[in-house]
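When the letters of the sequence shown are read in order and numbered with numbering that gives the first Met the number 0, they come out as residues 0 to 312.
The C-beta atom is built at its ideal place from N, Cα and C for all residues, glycine as well.
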Amino acid sequence: MSLEFTDKTTSDNYDPRQRIVLVTGPSGAGRSTAINVLEDLGYEVIDNLPLSLLPRLIDGPPLARPLALGLDVRNRDFGIDALIEAIVLLANHPDIREQVLYIDCAEDELVRRYSETRRRHPLAPNDSPLTGIQRERELLVPIRSRADVLIDSSGVTPHDLKAELIELFGRPDGQTLGITLQSFSFKRGMPRGIDIVHDVRFLRNPHWERNLRGKDGRDPEVAAHIAGDPRFSVFFEKVMDLTLFLLPAYRDEGKSHLSIGFGCTGGQHRSVALVEMMGKTLAEEGWHVSKRHREMERRASSSEDSVEQGKQT
0 MSLEFTDKTT
10 SDNYDPRQRI
20 VLVTGPSGAG
30 RSTAINVLED
40 LGYEVIDNLP
50 LSLLPRLIDG
60 PPLARPLALG
70 LDVRNRDFGI
80 DALIEAIVLL
90 ANHPDIREQV
100 LYIDCAEDEL
110 VRRYSETRRR
120 HPLAPNDSPL
130 TGIQRERELL
140 VPIRSRADVL
150 IDSSGVTPHD
160 LKAELIELFG
170 RPDGQTLGIT
180 LQSFSFKRGM
190 PRGIDIVHDV
200 RFLRNPHWER
210 NLRGKDGRDP
220 EVAAHIAGDP
230 RFSVFFEKVM
240 DLTLFLLPAY
250 RDEGKSHLSI
260 GFGCTGGQHR
270 SVALVEMMGK
280 TLAEEGWHVS
290 KRHREMERRA
300 SSSEDSVEQG
310 KQT
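In structure tokens:
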């Protein structure tokens with residue numbers, strides 16, 4: 000499913016003001032994921048800051064990095080009036096560029112998530128999660144209406160949410176192109192939204208080495224085995240040259256997110272190793288990179304489900 004979002008912000012041209020993003024939304028919708036993504040993008044993150052401390056924070060010396068503040072009902076001295084006052088305070092400050100990022104989610108989806116995790120809702124610790132969800136959603140209506148960026152996370156994975164946040168916010172240091180590298184198995188089909196795909200099935204396959212079969216491409220022995228293929232060095236050099244040529248061009252044309260896929264037979268060895276190697280090289284070149292290993296995530300998710308089922312039986 001695709002993400003639905005409303006963006007009321009203006010162009011991301013250079014702005015010398017201190018950038019502050021207030022991240023909020025109902026519990027379980029993905030606020031923590033958003034905070035983590037912004038931190039990866041270079042923001043200084045303060046989660047659950049007491050609202051009473053906000054004036055002291057903004058009156059201090061300017062920060063070298065943009066700031067993301069995580070705010071929810073668990074904040075000490077949290078209140079809708081106090082939060083609205085904080086938003087107005089920031090919006091009227093001449094040296095601050097303020098945004099409200101609101102992560103929303105459908106009620107039935109929130110109920111399902113709480114049911115799966117067996118967590119208690121902070122507004123209804125001794126009652127059903129639905130009661131707390133309804134209370135919180137009603138409480139946050141005035142804040143939702145003030146959102147500059149509104150994302151509905153219903154029916155999407157944390158990885159999809161992360162990709163959308165990278166695309167919306169980019170890098171706050173002026174490099175607004177976020178890069179996602181993804182490994183996958185061709186047997187399961189190509190991932191959605193991939194911009195560039197590299198087929199690495201021509202490289203030697205560690206699957207046929209008994210001592211490597213049970214490992215994955217993050218293992219140094221597996222990576223060394225793949226890199227030992229006579230065709231690897233030339234291939235990797237050419238792919239990196241092409242990528243480093245394209246990235247500035249895409250960025251200059253206004254593209255905010257680029258997804259590059261590496262596919263192999265099982266999605267465990269060759270594609271994983273290439274994602275890790277390219278991610279390291281691009282990071283050394285100063286690009287912001289996020290990595291995803293689709294098949295390994297599926298296996299990990301299946302293992303967790305099996306463990307959970309075993310606990311219930």
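Distance, residue j Cα to residue i Cα
i           : j           : result
residue 5   : residue 152 : Per-residue confidence for residue 5 stands at a pLDDT of 44, beneath the threshold of 50, marking its modelled position as unreliable; no derived number is given.
residue 137 : residue 88  : 24 Å
residue 103 : residue 70  : 14 Å
residue 196 : residue 262 : 7 Å
residue 305 : residue 272 : Any reading at residue 305 must be qualified, since the residue scores a pLDDT of 46, below 50, and its modelled position is unreliable; the value itself is stated next. Roughly 27 Å separates the two Cα atoms.
residue 35  : residue 45  : 11 Å
residue 15  : residue 139 : 31 Å
residue 160 : residue 135 : 21 Å
residue 240 : residue 295 : 28 Å
residue 251 : residue 244 : 12 Å
residue 21  : residue 105 : 21 Å
residue 91  : residue 149 : 21 Å
residue 192 : residue 260 : 10 Å
residue 19  : residue 249 : 26 Å
residue 284 : residue 246 : 11 Å
residue 128 : residue 298 : 29 Å
residue 238 : residue 228 : 16 Å
residue 221 : residue 115 : 36 Å
residue 207 : residue 223 : 15 Å
residue 28  : residue 80  : 22 Å
residue 185 : residue 119 : 40 Å
residue 157 : residue 33  : 9 Å
residue 17  : residue 77  : 24 Å
residue 111 : residue 211 : 39 Å
residue 62  : residue 97  : 14 Å
residue 236 : residue 215 : 22 Å
residue 55  : residue 126 : 37 Å
residue 233 : residue 198 : 15 Å
residue 40  : residue 59  : 23 Å
residue 108 : residue 131 : 14 Å
residue 84  : residue 50  : 9 Å
residue 95  : residue 219 : 46 Å
residue 124 : residue 270 : 44 Å
residue 171 : residue 146 : Unreliable positioning characterises residue 171 in this predicted model, as indicated by a pLDDT of 47, which lies under 50. The coordinate reading is nonetheless provided below. So the alpha carbons of these two residues sit roughly 19 Å apart.
residue 316 : residue 93  : Outside the displayed range of the chain (0 to 312) lies residue 316, so it cannot be described from this structure.
residue 194 : residue 213 : 30 Å
Nearest to residue i (by Cα), restricted to the options the options
i           : options            : result
residue 230 : 249, 259, 200      : 200
residue 316 : 278, 222, 24, 225  : Residue coverage of the chain in this structure runs from 0 to 312, which leaves residue 316 outside it and unanswerable.
residue 144 : 118, 107, 99, 26   : 99
residue 257 : 167, 186, 187, 276 : 167
residue 242 : 281, 118, 150      : 281
residue 275 : 289, 119, 265, 285 : 289
residue 42  : 57, 210, 187, 65   : 65
residue 163 : 82, 26, 254        : 254
residue 217 : 228, 209, 205      : 205
residue 180 : 78, 293, 125, 209  : 293
residue 265 : 58, 188, 40, 55    : 188
residue 190 : 59, 232, 54, 291   : 291
residue 57  : 40, 183, 86        : 86
residue 182 : 94, 93, 95, 268    : 268
Check whether residue i and residue j have beta carbons under 8 Å apart
i           : j           : result
residue 177 : residue 165 : yes
residue 67  : residue 48  : no
residue 113 : residue 23  : no
residue 72  : residue 31  : no
residue 209 : residue 225 : no
residue 52  : residue 142 : no
Residue range of the beta strand (DSSP E) that includes residue i
i           : result
residue 256 : 256 to 263
residue 289 : 288 to 292
residue 197 : 195 to 198
residue 96  : 95 to 103
residue 43  : 43 to 46
residue 31  : Here residue 31 belongs to no beta strand (DSSP E); instead the alpha helix (DSSP H) covers 30 to 39.
residue 156 : Note, residue 156: premise wrong, no beta strand (DSSP E); not H, not E.
residue 177 : 177 to 184
residue 282 : No beta strand (DSSP E) holds residue 282; the alpha helix (DSSP H) holding it covers 269 to 283.
Opening and closing residue of the alpha helix (DSSP H) in which residue i lies
i           : result
residue 131 : 128 to 138
residue 82  : 79 to 90
residue 250 : 231 to 251
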